[in-house]
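Going down the list, the protein sequences come from chains D and A. Just so we're on the same page, the numbering used here is the position in the first sequence counted from 1, plus 799. Just so we're on the same page, the numbering used here is the position in the second sequence counted from 1, plus 467. The structure under discussion appears below in the form of structure tokens.
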Amino acid sequence: MSEVLVLVDHADGVVRKSTFELLTLARRLGDPSAVFVGEGGEAAAESLARYGAAKVYVVADPDVTAYLVAPQAEVLAQLVEQVSPAAVLVPASSVGKEVAARLAVKTGSGLITDAVDVRAGGEGVETTQSVFAGSYTVTATVTRGTPIIAVKPNSATPEEASAAGEVVPVEVSISDAAKAARITDTQPKKATGRPELTEAAIVVSGGRGTGGDFGPVEAFADSLGAAVGASRAAVDAGWYPHSNQVGQTGKQVSPQLYVAAGISGAIQHRAGMQTSKTIVAVNKDEEAPIFELVDFGVVGDLFNVLPQATEAVKAAKG
Amino acid sequence: MNIVVCVKYVPDAQSERTFDSDNTTDRVGVDGLLSEIDEYAVEEALKIVEASDGEVTVVTMGPAQAADAVKKALQMGAHKGVHVSDEALHGSDAPATSLVLAEAIRKIGAPDLVITGMASTDGIMSVVPAMLAERLGLPQVTFASELTVEGDTVTIRRDGDVASETIVASLPALVSVTDQINEPRYPSFKGIMAAKKKPVEQWGLADLGVDAGQVGLDAAWTKVTEFAKRPPREKGTIVVDEGDGGTKLAEFLSAQKFL
Ligand SMILES: Cc1cc2nc3c(=O)[nH]c(=O)nc-3n(C[C@H](O)[C@H](O)[C@H](O)COP(=O)(O)OP(=O)(O)OC[C@H]3O[C@@H](n4cnc5c(N)ncnc54)[C@H](O)[C@@H]3O)c2cc1C
Ligand SMILES: Cc1cc2nc3c(=O)[nH]c(=O)nc-3n(C[C@H](O)[C@H](O)[C@H](O)COP(=O)(O)OP(=O)(O)OC[C@H]3O[C@@H](n4cnc5c(N)ncnc54)[C@H](O)[C@@H]3O)c2cc1C
């Protein structure tokens, strides 16, 4: 069987759940090979093998991580050339999609972004995308080159399938052109102890209706073990970091449960959460458009409703 | 400082968006407008030339109606417009779009900066900027939430999932901007009047030396085989809080096995 290259998403060597989802999907298309860029590849190989990586290509060259996007695309282009994979899967993060973009141009290959499903079809690799704020489902294939697919987090349930996980160090020579945009400073985000927004099974978001007090939103999120999101109005007001924004220009999330508190449900917000399985809203205004989407809605003040719900959840969980 | 800004004409997200019988996005039968995020790109370009000197040229690739996107940018204050339009472009995918835009930028003349939005509001792929950087051989400085140009270097702040990064490159460079970067201006009455006299070039594929066989639906490297409207969500239960709203919410979550 052909190899399927999977670009590993990791934070300082800790492999993210979305990578295990990609490895699970890759097994439908061929033999998964993980491509690990950065420090800690050897240590990560064990978990990658557990989810089916027969090989783990490790690229530790500091040139690759010191510059933005372009070197990673050169690494993948070199591997595509060497192993002629059946497909390349990348996480649909901003970096993942940009690496895929440059790889597509370099290798003359078609690119599909934000796939929510990937499978082997009659005409090659077949994907499902959810488009126009979740109002349409589209099936697409790649007709030229190596299919390059950027897959959204939460698109598959990671399944273990032990494989060899043979570590293959890769020597690369990065062109000067790829070193044109240099990363000169990195400020890590403060750890909150909460799950990552795009990976979380439950997301609780707050909007302008919080009036700047995210306390009840965070407390409710913590009772459910959820990630915290925010509308752009809340982010623009400086109440919550931009990295927690849900929507068209923030994160696109697709959790099992999405709770919107004090959020009206503007189209740009919906674009980031409309594919959530179950949607709940708490809003003072019974006319708020968010109520058109909900499975369950409470018309009320979030400062009363959320604390009461938090206590009830805690009591139910014991 | 000469800047080229790529502006896309997109179907209005507030109206009913749909597909044509050939599985391409319906761009003609629906209301369209300048992709909102590209207003931030235009604004940033205007701020830069206002602080130094030079010209802002906006370029769009799209059907006849896409002229509206150029017009809006000119009303905001851009100096010149280019509208690339050709029957053969219908159904172009991202690699083809970036090919055409790259050739148009080359023909406009080597700019110091190319600025784009971080994503269009219809395709939302966030790939055209990286593809343009690849094709034009420019440093890629993308997802800028802050931007400064000093001498011949450009510095941005890029807010990622795990960290906020500072990225530096020398000019010429390609920048994409987020909606955090500025507050786009509204066209003034004066701006609207002035836009009427600003030059807009109309280019076809032949003007760019791009072969029609490289673009459009038939040459696309990806193919949409099916589309289906998602069934509307079933109407949910809505309760009015009468002192027990939180309890009812928890009961719902429990019944749905979230607890
Ligand atoms: C280019 C562009 C990109 C954008 N991208 C995004 C994006 O990524 N994400 C995003 O979210 N938005 C985005 N927006 C903004 C979007 O259009 C809306 O302005 C935004 O989503 C509104 O946020 P909100 O719902 O919190 O605020 P509002 O619309 O002001 O709604 C606040 C809601 O809170 C309710 N409320 C008030 N007090 C209480 C209370 N005590 N208890 C309960 N309810 C209360 C009100 O009834 C109201 O419905 C974008 C806009 C543009 C132009
Ligand atoms: C729902 C949907 C899904 C799609 N999926 C795919 C897919 O999986 N693969 C694929 O190859 N194509 C796909 N396409 C086609 C693709 O969107 C178009 O080819 C488009 O021109 C480029 O992608 P984008 O709009 O997502 O651009 P993005 O990469 O999101 O755009 C970023 C910026 O590039 C500039 N820009 C983009 N297009 C233009 C333009 N025409 N004129 C001027 N500036 C522009 C703007 O500054 C914009 O802000 C899809 C289109 C739609 C509507």
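Positions of the beta carbon are idealized from the N, C-alpha and C atoms, including for glycine. For clarity, every value in this text was computed on a predicted model and none was experimentally measured.
Residue span of the alpha helix (DSSP H) that contains residue i, given as start and end
i	result
Ile714 (chain A)	Correcting the residue identity first, residue 714 (chain A) is Thr in this sequence and not Ile. Start and end: Gly712 to Ala722.
Pro861 (chain D)	Pro861 to Ala865
Gln1067 (chain D)	Ile1066 to Arg1069
Asp1021 (chain D)	Gly1014 to Leu1023
Range covered by the beta strand (DSSP E) that runs through residue i
i	result
Arg624 (chain A)	Thr620 to Asp626
Tyr476 (chain A)	Tyr476 to Pro478
Leu910 (chain D)	Leu910 to Gly920
Glu613 (chain A)	Glu613 to Glu617
Ala1059 (chain D)	Leu1056 to Ala1060
Ser643 (chain A)	Ala640 to Val644
Ile982 (chain D)	Arg981 to Pro987
Asp1035 (chain D)	Segment Arg1031 to Asp1035 is the alpha helix (DSSP H) holding Asp1035 (chain D); no beta strand (DSSP E) there.
Phe725 (chain A)	No beta strand (DSSP E) contains Phe725 (chain A), which DSSP labels as neither H nor E.
Ile582 (chain A)	Leu580 to Gly584
Val1093 (chain D)	No beta strand (DSSP E) holds Val1093 (chain D); DSSP gives it neither H nor E.
Ile470 (chain A)	Ile470 to Cys473
Ile973 (chain D)	Per DSSP, Ile973 (chain D) belongs to no beta strand (DSSP E) and is neither H nor E.
Any chain A beta carbon closer than 8 Å to residue i
i	result
Asn1103 (chain D)	yes
Asp975 (chain D)	no
Gly933 (chain D)	yes
Lys816 (chain D)	no
Ala899 (chain D)	yes
Ala869 (chain D)	yes
Gly1005 (chain D)	no
Val1002 (chain D)	no
Leu772 (chain D)	Residue 772 (chain D) lies beyond the range of chain D shown here (800 to 1117); nothing can be said about it.
Gly1096 (chain D)	yes
Ala1115 (chain D)	yes
Ala852 (chain D)	no
Pro1106 (chain D)	yes
Arg981 (chain D)	yes
Gln877 (chain D)	no
Gly1099 (chain D)	yes
Arg993 (chain D)	no
Asp842 (chain D)	The sequence given here has Ala at residue 842 (chain D), not Asp. Output row for Ala842 (chain D): interface = no.
Pro968 (chain D)	no
Below-8 Å beta-carbon distance, residue i vs any chain D residue
i	result
Ser587 (chain A)	no
Pro651 (chain A)	no
Ala630 (chain A)	yes
Arg700 (chain A)	yes
Phe694 (chain A)	yes
Glu601 (chain A)	yes
Ala636 (chain A)	yes
Ala480 (chain A)	yes
Leu501 (chain A)	no
Ala571 (chain A)	no
Lys690 (chain A)	yes
Thr583 (chain A)	no
Pro606 (chain A)	yes
Arg494 (chain A)	no
Whole-angstrom C-beta distance between residue j and residue i, which should lie under 8 Å
i	j	result
Ile911 (chain D)	Val868 (chain D)	Ile911 (chain D) to Val868 (chain D), Cβ: 19 Å. No contact.
Ser643 (chain A)	Thr609 (chain A)	4 Å
Glu1017 (chain D)	Val1027 (chain D)	6 Å
Ala571 (chain A)	Val595 (chain A)	No, Ala571 (chain A) and Val595 (chain A) are not in contact; Cβ-Cβ is about 13 Å, not under 8 Å.
Ala1111 (chain D)	Ala717 (chain A)	3 Å
Ser482 (chain A)	Val471 (chain A)	With 8 Å as the limit, Ser482 (chain A) and Val471 (chain A) do not qualify as a contact, their Cβ atoms being about 29 Å apart.
Asp862 (chain D)	Lys978 (chain D)	7 Å
Leu675 (chain A)	Lys547 (chain A)	Contact doesn't hold; Cβ gap of about 17 Å is too wide.
Cys473 (chain A)	Leu603 (chain A)	12 Å between Cβ atoms; not a contact.
Thr1119 (chain D)	Asp913 (chain D)	Outside the displayed range of chain D (800 to 1117) lies residue 1119 (chain D), so it cannot be described from this structure.
Using a beta-carbon distance cut-off of less than 9 Å, what residues from the region 542-569 of chain A approach chain D?
-> Asp560, Ala561, Pro562, Ser565 and Leu566
Would you list, in chain order, the members of the region 1031-1053 of chain D that have their beta-carbon closer than 7 Å to a beta-carbon of chain A?
-> His1041, Ser1042, Gln1047 and Thr1048
Can you give me, in chain order, the residues of the region 653-683 of chain A that have a beta carbon less than 9 Å from any beta carbon in chain D?
-> none
Selection of the region 513-547 of chain A by Cβ proximity to chain D, strictly under 7 Å | none
Identify each residue in the region 901-915 of chain D for which the Cβ-Cβ distance to at least one residue of chain A is less than 8 Å, and report them in chain order.
-> Arg901, Ala903, Val904, Lys905, Gly907, Ser908, Gly909, Leu910, Ile911, Thr912 and Asp913
Contacting positions in the region 880-895 of chain D - beta carbon closer than 8 Å to chain A | Ser892, Ser893 and Val894
Residues of the region 708-719 of chain A with Cβ closer than 9 Å to any Cβ of chain D, in chain order = Asp708, Glu709, Gly710, Asp711, Gly712, Gly713, Thr714, Lys715, Leu716, Ala717, Glu718 and Phe719
Of the residues that make up the region 1076-1090 of chain D, which ones have a beta carbon closer than 8 Å to any beta carbon in chain A?
-> Thr1077, Ile1078, Val1079, Val1081, Glu1085 and Phe1090
With 8 Å as the limit, tell me which residues of the region 940-956 of chain D have their beta carbon closer than that to any beta carbon of chain A; keep them in chain order.
-> Thr940, Val941, Thr942, Arg943 and Gly944
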